[in-house]
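Written out below as structure tokens is the structure these notes cover.
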Amino acid sequence: MFEQLDFFEMIFRATGAFVVLLIMTRIMGRKQLSQLTFFNYVTGIAIGSIAANIVSQSTIPFFNGLTSLIWWAILTIVVGYIGLKSPSARVTTNGQPIIVIKQGKILEDSIKEQRLTMDDLSMLLREQKVFSVQDVETAVLESNGKLSVMLKDEKQPVTKQDQNVFTVKPMYVPMELVVDGEVVEKNLKEAGISLDWLRNQLKSLKIKLDDVFYVELQKDGTLYIDKRSDDLPK
Numbered sequence: 001m002f003e004q005l006d007f008f009e010m011i012f013r014a015t016g017a018f019v020v021l022l023i024m025t026r027i028m029g030r031k032q033l034s035q036l037t038f039f040n041y042v043t044g045i046a047i048g049s050i051a052a053n054i055v056s057q058s059t060i061p062f063f064n065g066l067t068s069l070i071w072w073a074i075l076t077i078v079v080g081y082i083g084l085k086s087p088s089a090r091v092t093t094n095g096q097p098i099i100v101i102k103q104g105k106i107l108e109d110s111i112k113e114q115r116l117t118m119d120d121l122s123m124l125l126r127e128q129k130v131f132s133v134q135d136v137e138t139a140v141l142e143s144n145g146k147l148s149v150m151l152k153d154e155k156q157p158v159t160k161q162d163q164n165v166f167t168v169k170p171m172y173v174p175m176e177l178v179v180d181g182e183v184v185e186k187n188l189k190e191a192g193i194s195l196d197w198l199r200n201q202l203k204s205l206k207i208k209l210d211d212v213f214y215v216e217l218q219k220d221g222t223l224y225i226d227k228r229s230d231d232l233p234k
């Protein structure tokens, strides 16, 4: 009789935790599931651990465990919402990309700050199918711990567009200038351009800065612009 009660209690706990997890993962969205940052990764582990304890530990009252699971998920959603509204809060929770190789030179201070060794950096490069630092123009350590690499022009794969075109040194490193409608002052300074320059470029395209959602500086100095309006061409 005792084993029977334990069995059905386990089934009840597992079913309840499964249903709650299914609902909460749908609410939290795909970003949490993809574990884009270390925060998302740790949160996912914590939620899984709480759910496992609810199912396996009969000493934990079921509804207490369920409350903890739901509250942890709510906190994750709240922090994610604050991050959407506040760039500074997003940097605090998720961190920000760090340049570790610039113009072909390894930035020792940056890799030390991120507690990376050269072996770690070489491994991250090899994961991007880059086997020599000499081939790299720029490398950025992303918030999720992965490395984004831009090869030197002469090392990049040739496309149809590149055929019969002379190699030209890029004017700029592609970077975000406006994110969520907010100007990224740090990147303006990094690129050596001013806010007035950005305003003039937008003005020449008859676009106001207030109407812009996202702006990315391209290698040749042109801008990729996404307006706040989501009207698509018909």
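Numbering follows the UniProt record's numbering, with no gaps: position 198 of the sequence shown is 198. Glycine is no exception: its CB is placed at the ideal position from the N, C-alpha and C atoms. On a predicted model such as this, the values are computed, not experimentally measured, just so you know.
C-alpha distance - residue i paired with residue j, whole-angstrom precision
{"i": "Asp-6", "j": "Thr-59", "result": "12 Å"}
{"i": "residue 237", "j": "Ser-229", "result": "Limits of the chain in this structure are 1 at one end and 234 at the other, which puts residue 237 out of reach."}
{"i": "Gln-156", "j": "Thr-15", "result": "52 Å"}
{"i": "Val-179", "j": "Val-212", "result": "9 Å"}
{"i": "Arg-13", "j": "Gln-57", "result": "10 Å"}
{"i": "Tyr-214", "j": "Asn-53", "result": "43 Å"}
{"i": "Ile-11", "j": "Met-24", "result": "20 Å"}
{"i": "Ala-139", "j": "Lys-85", "result": "28 Å"}
{"i": "Met-150", "j": "Val-173", "result": "9 Å"}
{"i": "Gly-181", "j": "Gln-134", "result": "36 Å"}
{"i": "Thr-92", "j": "Glu-127", "result": "27 Å"}
{"i": "Gly-145", "j": "Arg-26", "result": "25 Å"}
Assigned exposure category for residue i - 16 Cβ within 10 Å defines buried
{"i": "Phe-8", "result": "exposed"}
{"i": "Gly-192", "result": "exposed"}
{"i": "Thr-222", "result": "exposed"}
{"i": "Gly-65", "result": "buried"}
{"i": "Leu-217", "result": "buried"}
{"i": "Leu-75", "result": "exposed"}
{"i": "Met-28", "result": "buried"}
Collapsed DSSP secondary structure at residue i in the structure displayed
{"i": "Tyr-172", "result": "coil"}
{"i": "Ser-204", "result": "helix"}
{"i": "Lys-112", "result": "helix"}
{"i": "Ser-68", "result": "helix"}
{"i": "Val-91", "result": "helix"}
{"i": "Val-212", "result": "strand"}
{"i": "Ser-148", "result": "strand"}
{"i": "Phe-142", "result": "Before going further, note that residue 142 is Glu rather than Phe in the sequence given. Glu-142: coil per DSSP, three-state reduction."}
Nearest to residue i (by Cα), restricted to the options the options
{"i": "Met-123", "options": "Leu-141, Pro-87, Ser-110", "result": "Leu-141"}
{"i": "Val-183", "options": "Ile-27, Pro-87, Thr-25", "result": "Pro-87"}
{"i": "Leu-209", "options": "Asp-220, Leu-195, Lys-105, Leu-217", "result": "Leu-195"}
{"i": "Lys-105", "options": "Lys-152, Thr-43, Thr-93, Ile-225", "result": "Lys-152"}
{"i": "Leu-202", "options": "Ser-110, Ile-45, Ile-225, Phe-131", "result": "Ile-225"}
{"i": "Met-175", "options": "Phe-63, Asp-220, Leu-75", "result": "Asp-220"}
{"i": "Asn-94", "options": "Gly-44, Glu-154, Asn-40", "result": "Asn-40"}
{"i": "Glu-190", "options": "Lys-227, Phe-38, Met-171, Ile-207", "result": "Met-171"}
Does the stretch 110-122 come within contact of the stretch 74-84, defined as at least 3 CB pairs closer than 8 Å? no
Should the stretch 17-25 be called in touch with the stretch 60-70, which here means at least 3 C-beta pairs below 8 Å? yes
So, do the stretch 96-105 and the stretch 35-50 have three or more beta carbon pairs nearer to each other than 8 Å? no
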